[in-house]
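Peer 1: What follows is a structure written as structure tokens; I'll ask about it next.
Numbering (this note's numbering), first residue to last: 358 to 457.
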């Protein structure tokens, strides 16, 4: 009844598939320059390849401030309108004009 690596309880905890590390290359990324500067000092970064994904594919495109504000704005505004509609339906404003 140990709690070690016994993950066969039927909860869908299978082995996680990781991408092949050889697909990431530092050539053509800012990490290439870092490796060159380190090599001049007789050093190298063995983990640089693990950071190369940040400079490839969809991650390589910088995010603009416009994208930051517009990406969720339409869904946020829709949620606001729905919430406002629910609030006014369930808790209508009191009529009578009195503040207290």
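Glycine residues also receive a C-beta, built at the ideal position from the N, C-alpha and C atoms. From a predicted model like this one, the values you see are computed outputs, not experimental measurements.
Taking its Cβ as the centre, do 16 or more other Cβ atoms sit within 10 Å of residue 388, making it buried, or is it exposed?
Peer 2: Residue 388 sits at position 31 when you count from the first residue of the chain shown. Using a 10 angstroms sphere on the CB of residue 388, the tally of other CB atoms reaches 16 or more, which defines it as buried.
Peer 1: Check whether the Cβ atoms of residue 439 and residue 406 lie closer than 8 Å to each other.
Peer 2: As a working mapping, residue 439 is identified with position 82 in the chain shown. As a working mapping, residue 406 is identified with position 49 in the chain shown. Contact: no.
Peer 1: From this set, 453, 394 and 403, which residue's C-alpha is nearest residue 379's C-alpha?
Peer 2: Along the chain shown, read from residue 1 onward, the residue named residue 379 stands at position 22. When each option's Cα is compared against that of residue 379, the closest is 403.
Peer 1: Using the beta-carbon count (16 or more within 10 Å), is residue 386 buried or exposed?
Peer 2: Your numbering for residue 386 matches position 29 in the chain shown. Answer is buried; the Cβ neighbour count reaches 16.
Peer 1: When burial is assigned at 16 or more other CB atoms within 10 Å of the CB, is residue 432 buried or exposed?
Peer 2: Numbered from its first residue, the chain shown carries residue 432 at position 75. Classification of residue 432: exposed, given that the 10 Å Cβ count is below 16.
Peer 1: For a test of the three-state rule: what should DSSP assign to residue 375, helix, strand or coil?
Peer 2: Mapped onto the chain shown, residue 375 falls at position 18. Reduced to three states, the DSSP call for residue 375 is coil.
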